[in-house]
Amino acid sequence: MNELTPIENQGQRVLTTEQLAELYGTTSDRIADNFKKNRDKFIEGSHFFKLEGPALKDFKDKGLNSPLVGKNAKSLILYTKRGAARHSKMLGTDKAWDMFDSLEENYFNPKPQINLQGLSPQTQFAIQAAQAMAEQERKITQIDHKVDAISEIVSTSTMDWRRATRDIITKIAHMRGDDYQATRNDIYKDVEQRGGCSLSTRLTNLRNRMAGEGQSLSKRNKTNKVDVIGNDKRLIEIYMAVVNDHAIKYRVWDNEY
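Under the UniProt record's numbering, the first residue of the sequence shown is numbered 1, with each subsequent residue one higher.
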């Protein structure tokens, strides 16, 4: 990642809409539109700052910040690390994910630079070894966290798979900035593709069988695709695997959100 000139607001490093768009390989309009459509998921002061009036003028007057503000702009949105993370998740592209990882490490949380000049070779080696060990421990911690998260699904028994997957789909929807039903429908599509079946057709057949058995209309109407999946052990396994893949893709267990 090319080195960015740090800009700050209220003691936090921030990025403009235009900067995020360029870094994530998208357009400013896309970033602005995602922000507008999911405004309730962005908390001012946590995910972003909105500068207007005197605050905008003060920001613009700080030398290097001037080019970041449009000539006739009446307001400016600045995204914090959490805001940048939220946008990367909404875009969901590999480039956005990778770029946020780079931003998190090199821009939002820059490593302190230790001046090794004047120190003995032995001391320099000891400091560099300690830094390398700390970085390795950080990576191991991240891997352990991911393994524990995946185990949350893998270890799910057939007794509670419905509840477990429902809870995780809720988290996925939250991370996507989408509603639960839309998220679940995308998961159903992947299940159908992997399983080589039509859940809609199976659901219709199931409801017809229930009607033939004399079960009430209200009960038939409440029957859904999860019930269809529950009648086929192979589909349960596919469903859980798909939910797992979506959970990893949208990083539902990330601490920084």
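We treat Cβ as the ideally placed atom computed from N, Cα and C, and that holds for glycine.
- Given a length threshold of 4 residues, each whole run of the alpha helix (DSSP H) inside the segment 67 to 105 is given here in chain order: 81 to 91 and 94 to 103.
- In the assembly as shown, residue 81 is a buried residue. Its beta-carbon has 16 or more other beta-carbons within 10 Å.
- Residue 163 is positioned such that its CB atom lies no closer than 8 Å to that of residue 89.
- Bridge pairing for residue 5: absent [DSSP].
- Residue 108 is positioned such that its CB atom lies no closer than 8 Å to that of residue 251.
- Look at residue 56 here: in three-state DSSP terms it is helix.
- Of the candidates 195, 196, 24 and 227, the residue whose Cα lies closest to the Cα of residue 210 is 227.
- Relative to residue 43, the option among 20, 5, 87 and 60 whose CA is nearest is 87.
- Between residue 16 and residue 32, the CB-CB gap reaches or exceeds 8 Å.
- Exposure of residue 166 is indicated by the presence of fewer than 16 other C-beta atoms within 10 angstroms of its C-beta.
- Annotation for residue 239: the continuous alpha helix (DSSP H) segment containing it runs 233 to 249.
- For residue 195 against residue 235, the beta-carbon gap comes to about 6 Å, under 8 Å, which counts as contact.
- Here the segment 23 to 39 lies against the segment 96 to 106, with 3 or more beta-carbon pairs under 8 Å apart.
- Measuring C-alpha to C-alpha distances from residue 225 to each of 189, 92 and 248 identifies 189 as the nearest.
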